[in-house]
Every structure is written in C-alpha cells, then in structure tokens.
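For reference, the structure discussed in these notes is given below.
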Amino acid sequence: MSLSIGIVGMPNVGKSTLFNALTKNNVLAANYPFATIEPNVGVVGVPDTRLAALAQIVGSQTLLPAVVSFVDIAGIVKGASEGAGLGNKFLANIRETDAICQVIRVFNDGDVIHVEGRVDPASDMEIINTELALADLQTIEKALPRLEKEARVNKERQHVVEAVKEAEAVLNAGKPVSSSKVDLALIAELQLLTAKPFLYVF
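Adding 2 to a residue's 1-based position in the sequence shown gives its number in this note's numbering.
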C-alpha cells in the first residue's frame with residue numbers, strides 16, 4: 003500500500019527543507035527562487051509495530067511496510083498560470099499524487115528572499131490556491147470538448163460532462179473542487195489538483 007503527496011508552495015518557503023527532513027535526502031535547499039526545477043521524489047517506509055507480529059502469525063518471510071512518496075516541485079509564483087516564474091507546467095508532476103502538502107512561510111529572516119518582498123502567509127495561501135484553481139480550469143478547458151464529443155457517442159459519459167461542468171462552476175466561484183458536492187469519482191480522470199485532500203504546513 004502506498005500514498006503519494008505533492009509538496010507545493012511559493013519559492014523559498016521551505017519545501018525542499020521539509021522534503022529533506024521527511025525523506026532523509028539532501029536535495030538542494032537554497033536561498034534563491036527556483037532552486038528546484040526538476041521534481042525531487044523520495045519514498046519513506048511507514049513504521050508499524052504491528053507488522054512484525056502480523057508477519058509471524060501468517061508466516062511471512064518478508065516485511066513490506068506501507069510507503070509514502072513525497073514529490074517536491076518548483077515554487078509557484080503569482081501569475082504562474084500565465085507563464086510567470088517557471089509557469090505551471092511542472093504541476094503535472096503532482097497531478098497523480100493522492101494529496102497535496104502546501105508549505106506556508108511564517109518566519110521572518112532578512113537573509114531569506116521572499117518573492118513577494120514580504121512575509122504574508124494569508125496572501126501566499128491565496129496565491130497558491132488561485133494558481134492551482136487556474137491550472138484546474140486550464141485542464142477542464144482542454145478536456146471538456148473531448149468529453150462532450152465522447153458523450154455524444156456514449157450517453158453514459160454525459161454524467162462525467164455534467165460533473166466536470168459543475169467542478170468548473172465551483173472553481174469559477176473561487177472555491178476548491180474538494181469543498182463542493184461534485185462526484186469526485188466521475189472527474190477522477192482529470193486529476194484536478196483542488197479535488198485532492200490538502201495538508202498545510204506552517
């Protein structure tokens with residue numbers, strides 16, 4: 003059994019530092035924006051004291067713990083959906099994750115650059131959530147014509163089209179898809195970022 007978590011946030015908020023702490027890796031965590039360009043992936047076994055006892059009961063020779071994969075991606079900046087910073091193409095690296103961990107900077111340190119020029123956790127959260135929502139809207143915009151075409155041939159796909167349009171309306175209202183009553187199973191193929199569970203790390 004495995005779980006995968008994508009780590010997102012603004013540049014220089016501690017994403018790679020958190021990744022290193024969780025995975026015992028030593029990836030570059032530098033004091034300049036976009037130190038991470040290619041995604042860093044680390045896999046960690048989940049300790050479970052019950053595992054040895056269960057293996058003994060069933061006579062298993064091998065212990066395979068559940069694992070968590072962490073994916074550390076480049077920082078997201080305001081306007082990424084329009085190409086600012088590194089753009090938002092790298093978000094594809096976390097589309098397949100099960101959940102998203104958003105790292106929010108709350109520390110003041112004049113030696114650590116903040117791309118917005120000030121530490122404002124609420125603003126940072128809003129920027130990231132907006133950019134993820136805009137990325138989801140782009141995904142829907144690309145997928146909807148194909149889904150509508152499929153629904154004309156296969157009427158059962160009409161439920162998917164309706165659910166995707168409902169998700170689009172939720173995003174246009176400024177809310178994440180996960181906060182709505184949209185049937186997430188119907189839209190799972192789109193791997194919308196705002197449909198995933200979120201964990202905030204401050």
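Just so it is clear, CB atoms sit at the ideal spot from N, CA and C, and this is done for glycine as well.
>> Taking the alpha helix (DSSP H) that ILE142 belongs to, which residues open and close that run?
In response: Residue mapping note: residue 142 aligns to position 140 of the sequence shown, counting from 1. Counted as a single uninterrupted DSSP element, the alpha helix (DSSP H) harbouring ILE142 occupies residues 123-155.
> Cβ atoms of SER71 and VAL105: under 7 Å apart, would you say?
Replying inline: For the purposes of this step, residue 105 is taken as the residue at position 103 of the sequence shown. For the purposes of this step, residue 71 is taken as the residue at position 69 of the sequence shown. With a cutoff of 7 Å on beta-carbon distance, VAL105 and SER71 are scored as not near each other.
>> Excluding the 5 residues flanking THR141 on each side, which residues of the same chain have their C-beta closer than 7 Å to its C-beta?
In response: The sequence position of residue 141 within the sequence shown is 139, counting from 1. Same-chain partners within the cutoff: LEU192, LEU194.
> Among all the DSSP beta bridges, which residues are the ones paired with GLN160?
Replying inline: Within the sequence shown, residue 160 is the residue found at index 158, counting from 1. None; GLN160 has no bridge partner.
> Between which two residues does the alpha helix (DSSP H) carrying ALA55 extend?
Replying inline: Position 53 of the sequence shown, counted from the first residue, corresponds to residue 55. For ALA55, the enclosing alpha helix (DSSP H) covers residues 52-60.
> Is the Cβ-Cβ distance between PHE204 and VAL108 less than 7 Å?
Replying inline: For this step, residue 204 is matched to residue 202 along the sequence shown. For this step, residue 108 is matched to residue 106 along the sequence shown. Less than 7 Å divides the Cβ of PHE204 from the Cβ of VAL108.
> Do the region 113-129 and the region 145-162 touch if we need at least three Cβ pairs shorter than 8 Å?
Replying inline: Using a C-beta cut-off of 8 Å, the region 113-129 makes no contact with the region 145-162, since fewer than three inter-stretch Cβ pairs fall below that distance.
> Per DSSP, GLN104 is paired with what?
Replying inline: Here residue 104 refers to the residue found at position 102 of the sequence shown. DSSP, once it has assigned bridges, lists VAL10, TYR202 as partnering GLN104.
> Can VAL162 and LEU188 be called in contact, C-beta distance under 7 Å?
Replying inline: Numbered from 1 along the sequence shown, position 160 holds the residue referred to as residue 162. Numbered from 1 along the sequence shown, position 186 holds the residue referred to as residue 188. With a cutoff of 7 Å on beta-carbon distance, VAL162 and LEU188 are scored as near each other.
> When you compare each of LEU53, VAL73, ILE59, LYS91 to GLU65 by their alpha carbons, which one comes out closest?
Replying inline: As a working note, residue 65 is residue 63 in the sequence shown. In the sequence on display, residue 65 carries Leu and not Glu. Of all alpha-carbon atoms in LEU53, VAL73, ILE59, LYS91, the one lying nearest the alpha-carbon of LEU65 is that of LEU53.
>> What does DSSP give as the partner residue(s) for ASP74 in the beta ladder?
In response: Stepping through the sequence shown from its first residue, residue 74 is reached at position 72. Answer is ILE9, ASN42, bridged to ASP74.
>> Does VAL79 pass the burial test, meaning 16 or more other C-beta atoms within 10 Å, or should it be called exposed?
In response: As a first step, residue 79 is located in the sequence shown; it is residue number 77 there, counting from the start. Flag for VAL79 reads buried.
> Less than 7 Å separating the beta-carbons of ILE9 and LYS17?
Replying inline: Counting from one through the sequence shown, the residue named residue 9 turns up at place 7. Counting from one through the sequence shown, the residue named residue 17 turns up at place 15. Yes, the pair counts as a contact, with Cβ atoms nearer than the cut-off.
> What distance in whole Å lies between the Cβ atoms of VAL48 and PRO67, which are believed to be in contact at a cut-off of 8 Å?
Replying inline: Against the sequence shown, residue 67 aligns to sequence position 65. Against the sequence shown, residue 48 aligns to sequence position 46. Going by Cβ atoms, the distance from PRO67 to VAL48 rounds to 5 Å, so yes, they are a contact pair.
>> Taking its Cβ as the centre, do 16 or more other Cβ atoms sit within 10 Å of ASN14, making it buried, or is it exposed?
In response: Walking along the sequence shown from the start, residue 14 turns up at place 12. ASN14 sits buried, since 16 or more C-beta atoms from the chains shown fall within 10 Å of its C-beta.
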